[in-house]
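Numbering (my numbering), first residue to last: 36 to 207.
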């Protein structure tokens with residue numbers, strides 16, 4: 036009787052191992068295809084986990100704060116600013132001091148005279164000049180997208196406040 040059961044147990048064991056290995060393979064390949072851990076940014080990518088916040092005012096000032104993640108070298112950064120989904124005609128070539136489409140003297144690491152390393156808690160700002168289009172007005176949706184080596188590493192949206200930065204345009 037023992038001989039009759041051995042082939043059955045052997046077949047069941049091999050089938051179970053095959054199913055388990057197939058499940059592991061499908062899980063790994065499927066996760067990678069969906070952008071999960073196998074396809075995620077490398078752990079040594081300094082901008083892999085960048086969190087941002089932003090505030091914009093109708094006078095064109097945009098303040099962005101690095102809220103989380105590793106430090107970013109802004110010399111390797113591309114900044115794209117859009118107003119209500121339309122990219123500005125001129126984008127800021129960070130770091131800079133004076134450039135077309137922006138008021139001179141950005142602050143923080145976006146200023147070419149500052150330390151180019153943008154660290155957590157640090158704020159950088161630019162001011163869009165009236166010669167750049169579209170000009171943001173109170174209530175517009177402003178989007179800032181940061182890219183490094185052709186890959187988006189951060190994106191933040193904010194509503195444009197009034198010139199006085201508290202949303203109440205009635206104050207003078």
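Positions of the beta carbon are idealized from the N, C-alpha and C atoms, including for glycine.
Cβ-based neighbour list, residue i, same chain, cut-off 6 Å, excluding 5 preceding and 5 following
i, result
"residue 125", "135, 136 and 167"
"residue 202", "Since pLDDT at residue 202 reaches only 46, below the 50 mark, its modelled position is unreliable, and the value read off the structure follows with that caveat. If we look at residue 202 and ignore the five residues flanking it on each side, its Cβ neighbours are 196."
"residue 93", "172, 173, 195, 197 and 198"
"residue 110", "151"
"residue 189", "85, 87 and 181"
"residue 100", "88 and 158"
Rounded C-alpha distance that separates residue i from residue j
i, j, result
"residue 146", "residue 197", "25 Å"
"residue 176", "residue 193", "6 Å"
"residue 121", "residue 127", "15 Å"
"residue 41", "residue 54", "20 Å"
"residue 180", "residue 47", "54 Å"
"residue 58", "residue 49", "14 Å"
"residue 123", "residue 56", "52 Å"
"residue 187", "residue 45", "52 Å"
"residue 160", "residue 149", "12 Å"
Segment limits, beta strand (DSSP E) that includes residue i
i, result
"residue 7", "Shown here, the chain extends from 36 to 207; a query on residue 7 therefore has no answer."
"residue 91", "86 to 92"
"residue 147", "That residue, residue 147, is in no beta strand (DSSP E); it is neither H nor E in DSSP."
"residue 102", "96 to 103"
"residue 112", "112 to 118"
Three-way DSSP call (helix, strand, coil) for residue i in this model
i, result
"residue 175", "coil"
"residue 159", "strand"
"residue 42", "helix"
"residue 123", "coil"
"residue 154", "coil"
"residue 182", "strand"
Buried versus exposed call for residue i [16 or more other C-beta atoms within 10 Å across all chains shown]
i, result
"residue 163", "buried"
"residue 154", "exposed"
"residue 112", "buried"
"residue 104", "buried"
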